[in-house]
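See below for the structure under consideration.
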Amino acid sequence: MILFGPDTVIDTVQNMKRMVVNQFITDEVIRSAAHNYIDSQTEFARMLVKNTFDLAANSLSQCGTMFPQFKVSKVDAANNDTHSEEK
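The following block contains the structure:
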């Protein structure tokens, strides 16, 4: 298990943005729009991280098929776990 994974970092940064918005923007309409924008950024950041992990896992597994003499670890991007692939 990763203590400070990408989701933790994303949540920390986005929550800091929400706190700044709550403290400095007094108009409810603008505050709501800012929160919606931050929520969209959060969703986009999580999508980028997931796609990066998926691409890395796929690339790593392809390297294992191209160079079978090397032992390749299989990466489970959903759980951020690595485990050895038996050949």
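Residue numbers (the working numbering): 5 to 91.
Don't be surprised by glycine CBs; every beta carbon is placed ideally from N, CA and C.
None of these values were measured; they are calculated from a predicted model.
Using a Cβ-Cβ cut-off of 8 angstroms (strictly less than) and excluding sequence neighbours within five positions of residue i, which residues of its own chain qualify?
i	result
E32	none
V25	R35, A38, H39, I42
Taking the CB atoms as reference points, tell me whether residue i and residue j lie closer together than 8 angstroms.
i	j	result
R35	I42	no
I14	T46	yes
Leaving aside the five residues before and after residue i along the sequence, list all residues of the same chain whose C-beta is less than 6 angstroms from its C-beta, in chain order.
i	result
K21	I42
Closer than 7 angstroms: is that where the CB of residue i sits relative to any heavy atom of the ligand PLP?
i	result
D15	Ligands are entirely absent from the displayed structure, and the ligand PLP is therefore not among its contents.
Write down every uninterrupted run of the alpha helix (DSSP H) in the segment 23-73 whose length is 4 residues or greater and which is fully enclosed by it, in chain order.
32-70
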